[in-house]
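Heads up: the sequence shown at position 6 corresponds to 5 in numbering that gives the first Met the number 0, and the numbers run straight through without jumps. Idealized CB from N, CA, C, for every residue including glycine. The structure presented is a predicted model; accordingly, all values stated were derived computationally and were not measured. To keep things clear, I will list the structure first and then write my remarks on it.
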Amino acid sequence: MREASPAQRTRALIIDAAADLLAASASGEFSTREVCDAAGVTAPTLYHHFGDKDGLLREVAADRFSRYLTRKQALVTTGDPVGDFLRGWDLHVEFGVTNPALYTIMYGRPMDGGTTPADRAYAALVAMMGDLERAGRLRMPIGTAADLVASAAVGVTLHLIRTRAAAGDHLSALVRDAVTAAVISPPVAPGAASVTPRLARAAARLEAEMPHGPVGTLRASETTLLREWLAQLSVASPAADGAPS
Numbered sequence: 000m001r002e003a004s005p006a007q008r009t010r011a012l013i014i015d016a017a018a019d020l021l022a023a024s025a026s027g028e029f030s031t032r033e034v035c036d037a038a039g040v041t042a043p044t045l046y047h048h049f050g051d052k053d054g055l056l057r058e059v060a061a062d063r064f065s066r067y068l069t070r071k072q073a074l075v076t077t078g079d080p081v082g083d084f085l086r087g088w089d090l091h092v093e094f095g096v097t098n099p100a101l102y103t104i105m106y107g108r109p110m111d112g113g114t115t116p117a118d119r120a121y122a123a124l125v126a127m128m129g130d131l132e133r134a135g136r137l138r139m140p141i142g143t144a145a146d147l148v149a150s151a152a153v154g155v156t157l158h159l160i161r162t163r164a165a166a167g168d169h170l171s172a173l174v175r176d177a178v179t180a181a182v183i184s185p186p187v188a189p190g191a192a193s194v195t196p197r198l199a200r201a202a203a204r205l206e207a208e209m210p211h212g213p214v215g216t217l218r219a220s221e222t223t224l225l226r227e228w229l230a231q232l233s234v235a236s237p238a239a240d241g242a243p244s
C-alpha cells in the first residue's frame with residue numbers, strides 16, 4: 000500500500016479530531032477553532048481541505064460511515080436473505096444509537112455534494128431487497144420495499160436518538176417485525192396447493208379491474224398488497240398445467 004502523503008495525513012488528522020469532538024458533544028456541535036486546536040492546524044489549513052464547516056461534516060460522516068459499511072460487509076452472509084435483513088436492521092439501528100450526532104448529520108439534515116453516506120446505505124438496501132426478490136420472498140417491487148424499509152429504519156432510529164433509548168429498545172424490534180411482515184412473504188410450505196390456470200386467469204382479470212368499481216376505492220396500502228397477491232396468483236404453477244379450467 001502506498002504511503003499517505005503529508006496532505007492526506009493532515010486531512011485524516013482533521014477528520015479524526017472533528018469526529019472525536021462530535022462524539023464527545025452532547026449537542027453534536029463544535030467549532031472549527033476547536034477542531035484546529037485538537038488537530039494542531041491553522042484555520043486556513045482546515046478551509047483549504049474542506050471549504051467550510053459543512054464540508055468538514057460531510058467528510059466526517061462519509062469517513063465514519065464508510066468504516067461502518069466496511070465492517071458490516073465483512074460479516075459472512077448466512078445464506079438466508081431474511082436472516083441477513085433482520086441482522087442488517089439491528090446493525091443499522093445500533094450504529095445510529097451509538098453514534099447519535101453522526102447519524103443525525105447523515106439523516107437529519109440535507110447534505111449536498113455528490114454521493115452521501117445515506118445514498119450508499121440506500122444502495123446496499125436495494126441490493127438486499129434484490130436478494131429477497133430472487134429468493135421469491137418480496138411482496139412488492141424492489142424500489143417500494145427499499146423506500147418502506149428505509150423510512151421505517153431511519154424514523155425509528157432518529158426517534159430512539161431523540162428519546163435517548165438503547166439500541167435494543169423494544170420499539171425497534173416491534174417496527175422491524177411489522178416492516179418484515181409487510182415486505183417479506185412467508186416461505187411456501189412444502190406440498191402447498193398449486194395455482195391452477197383457472198385461478199391464475201381469475202386473478203389476472205381482477206387485477207385488470209383494479210382501477211374500476213368497488214376495488215378502486217381501496218386505500219393505497221391495500222391496493223399495493225392486493226396487487227402483490229394477485230401477481231402471485233396470476234402465474235400458474237407448472238405442476239397445475241394439466242388441471243381442468
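Determine the direct distance from the alpha carbon of residue j to that of residue i, and round the result to whole angstroms.
i    : j    : result
S30  : Q7   : 22 Å
G54  : T162 : 28 Å
A191 : A100 : Caution is warranted here: a pLDDT of 49 is assigned to A191, below 50, making its placement in the model unreliable, and no coordinate value can be reported.
P80  : A152 : 17 Å
T41  : V59  : 18 Å
S184 : A144 : 12 Å
T9   : F49  : 12 Å
T76  : T115 : 25 Å
T44  : I160 : 33 Å
R63  : L56  : 11 Å
T216 : E208 : 12 Å
R133 : I13  : 44 Å
A177 : D168 : 15 Å
K71  : R32  : 34 Å
W228 : P186 : 14 Å
S4   : H47  : 16 Å
A117 : A126 : 14 Å
K52  : H158 : 26 Å
S244 : E221 : Because the pLDDT at S244 is just 41, under 50, the model does not fix this residue reliably, and the value given afterwards should be weighed accordingly. So the alpha carbons of these two residues sit roughly 29 Å apart.
T223 : A18  : 42 Å
L205 : G135 : 22 Å
For residue i, I'd like the list of residues in its chain whose CB is within less than 6 Å of its CB, leaving aside the five on either flank, ordered along the chain.
i   : result
A16 : V34, A37 and A38
H91 : A152
S65 : none
A11 : none
With distances taken Cα to Cα, identify the nearest neighbour of residue i among the options.
i    : options                   : result
A172 : T44, R86, G78 and A11     : R86
M105 : A61, I14, H169 and A22    : A61
F84  : A73, D130 and F64         : D130
L170 : E132, D89 and T44         : D89
A165 : A18, E93 and T223         : E93
A180 : R218, M139, A201 and L205 : M139
G154 : G167, G27, R175 and G135  : R175
L21  : A201, N98 and L74         : N98
M107 : G27, E2 and M127          : Reading off the sequence, residue 107 comes out as Gly, not Met. Checking every option, the nearest Cα to that of G107 belongs to G27.
G82  : M128, A11, R66 and V96    : M128
Measure the beta-carbon distance from residue i to residue j and round it to whole angstroms, keeping in mind my assumption that it falls under 8 Å.
i    : j    : result
Y121 : T156 : Contact flag wrong, Cβ pair sits at about 14 Å.
V182 : L137 : 7 Å
L74  : R119 : With 8 Å as the limit, L74 and R119 do not qualify as a contact, their Cβ atoms being about 17 Å apart.
The alpha helix (DSSP H) that contains residue i, what's its start and end?
i    : result
L12  : P5 to A23
I141 : I141 to R161
T97  : P80 to T97
L45  : A42 to F49
G54  : K52 to Q72
G129 : P116 to R133
A180 : H169 to V182
R1   : Per DSSP, R1 belongs to no alpha helix (DSSP H) and is neither H nor E.
R32  : T31 to A38
Could you pull out every residue in the same chain whose Cβ sits closer than 7 Å to the Cβ of residue i, ignoring the five residues on either side in sequence?
i    : result
L124 : A145, V148 and A149
I141 : V125, M128, G129 and E132
At the 8 Å Cβ level, is residue i part of the contact set with chain B, yes or no?
i    : result
D118 : The chain inventory of the structure shown lacks chain B, comprising one protein chain alone.
Give me, in chain order, the residues of the same chain whose beta-carbon lies closer than 8 Å to that of residue i; leave out the 5 immediate sequence neighbours on both sides.
i   : result
S24 : A100
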